[in-house]
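Some notes on the structure that comes next.
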Amino acid sequence: MSRDGFGVEGLLTSAKYRNILDYVVIPYTLDGPFPDKDFLFQQDLSPVQTAKIVEKLLNMRGVCCLMWVAKG
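With our numbering applied, the sequence shown covers 10 to 81.
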(Lines of atoms letter the chains of each structure in order from A and count residues from 1; the text may use other names and numbers.)
(Lines give C-alpha, C1' and ligand atoms only; values in the text may rest on other atoms or scores of the structure.)
Protein backbone atom coordinates (compact mmCIF):
# COMPACT_ATOMS: atom_id res chain seq x y z
CA MET A 1 0.00 0.00 0.00
CA SER A 2 1.21 3.49 -0.80
CA ARG A 3 -0.17 7.01 -0.70
CA ASP A 4 -1.69 6.18 -4.10
CA GLY A 5 -3.69 3.31 -2.59
CA PHE A 6 -3.48 -0.44 -2.90
CA GLY A 7 -1.54 -1.99 -5.72
CA VAL A 8 0.64 -4.84 -6.85
CA GLU A 9 4.34 -4.86 -6.14
CA GLY A 10 6.12 -4.95 -9.50
CA LEU A 11 4.46 -6.33 -12.61
CA LEU A 12 1.15 -8.14 -12.42
CA THR A 13 1.78 -11.74 -13.45
CA SER A 14 -0.74 -14.52 -13.92
CA ALA A 15 0.45 -16.09 -10.66
CA LYS A 16 -0.12 -12.84 -8.73
CA TYR A 17 -3.51 -12.37 -10.41
CA ARG A 18 -4.51 -15.93 -9.53
CA ASN A 19 -3.56 -15.36 -5.88
CA ILE A 20 -5.55 -12.11 -5.76
CA LEU A 21 -8.58 -13.93 -7.13
CA ASP A 22 -8.14 -16.96 -4.88
CA TYR A 23 -7.39 -15.19 -1.60
CA VAL A 24 -9.23 -11.86 -1.95
CA VAL A 25 -11.80 -11.50 -4.74
CA ILE A 26 -13.53 -14.89 -4.67
CA PRO A 27 -13.73 -15.21 -0.85
CA TYR A 28 -15.01 -11.62 -0.53
CA THR A 29 -17.65 -12.23 -3.20
CA LEU A 30 -18.86 -15.53 -1.75
CA ASP A 31 -18.74 -14.41 1.89
CA GLY A 32 -20.45 -11.12 1.07
CA PRO A 33 -22.89 -10.15 -1.63
CA PHE A 34 -23.13 -13.45 -3.57
CA PRO A 35 -22.97 -16.47 -1.24
CA ASP A 36 -24.98 -18.56 -3.72
CA LYS A 37 -22.45 -17.97 -6.57
CA ASP A 38 -25.12 -16.10 -8.55
CA PHE A 39 -22.80 -13.65 -10.30
CA LEU A 40 -20.74 -13.22 -13.46
CA PHE A 41 -17.09 -12.26 -13.20
CA GLN A 42 -16.03 -9.93 -16.00
CA GLN A 43 -12.47 -9.58 -17.24
CA ASP A 44 -10.82 -8.62 -20.49
CA LEU A 45 -8.64 -10.77 -22.72
CA SER A 46 -5.36 -9.75 -21.10
CA PRO A 47 -2.78 -12.57 -21.19
CA VAL A 48 -2.54 -12.36 -17.40
CA GLN A 49 -6.28 -12.94 -17.07
CA THR A 50 -6.51 -15.69 -19.70
CA ALA A 51 -3.57 -17.75 -18.45
CA LYS A 52 -4.22 -21.45 -17.88
CA ILE A 53 -3.62 -21.20 -14.11
CA VAL A 54 -6.26 -18.46 -13.85
CA GLU A 55 -8.72 -20.35 -16.05
CA LYS A 56 -8.16 -23.51 -13.99
CA LEU A 57 -8.81 -21.67 -10.72
CA LEU A 58 -12.01 -20.06 -11.98
CA ASN A 59 -13.28 -23.40 -13.28
CA MET A 60 -12.33 -25.17 -10.04
CA ARG A 61 -14.12 -22.55 -7.93
CA GLY A 62 -17.20 -22.57 -10.20
CA VAL A 63 -16.90 -18.92 -11.22
CA CYS A 64 -18.71 -18.00 -14.46
CA CYS A 65 -16.77 -15.51 -16.57
CA LEU A 66 -17.84 -12.94 -19.10
CA MET A 67 -14.87 -12.17 -21.33
CA TRP A 68 -14.71 -8.57 -22.48
CA VAL A 69 -12.55 -7.23 -25.29
CA ALA A 70 -10.37 -4.41 -23.99
CA LYS A 71 -10.32 -1.14 -25.89
CA GLY A 72 -6.80 0.09 -26.30
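Beta carbons are placed, not taken as given, at the ideal position from N, Cα and C, and that holds for glycine.
TODO: State the Cα-Cα distance for the pair Val34 and Glu64, rounded to the nearest angstrom.
DONE: 15 angstroms
Task: Simplified DSSP state of Leu75, which is helix, strand or coil - done: strand
Open item on the list: Could you check whether the stretch 14 to 21 touches the stretch 40 to 48, counting it as contact only if at least three pairs of C-beta atoms, one from each stretch, sit closer than 8 angstroms?
Closed with: no
Open item on the list: Taking only three categories from DSSP, how would you classify Asp31?
Closed with: helix
Task: Alpha-carbon spacing of Pro36 relative to Leu54, whole angstroms - done: 23 angstroms
- [ ] Taking Asn68 as the reference, give the member of Gly19, Leu21, Arg27 and Leu20 with the closest Cα.
- [x] Residue Arg27 is the option with its Cα nearest to Asn68.
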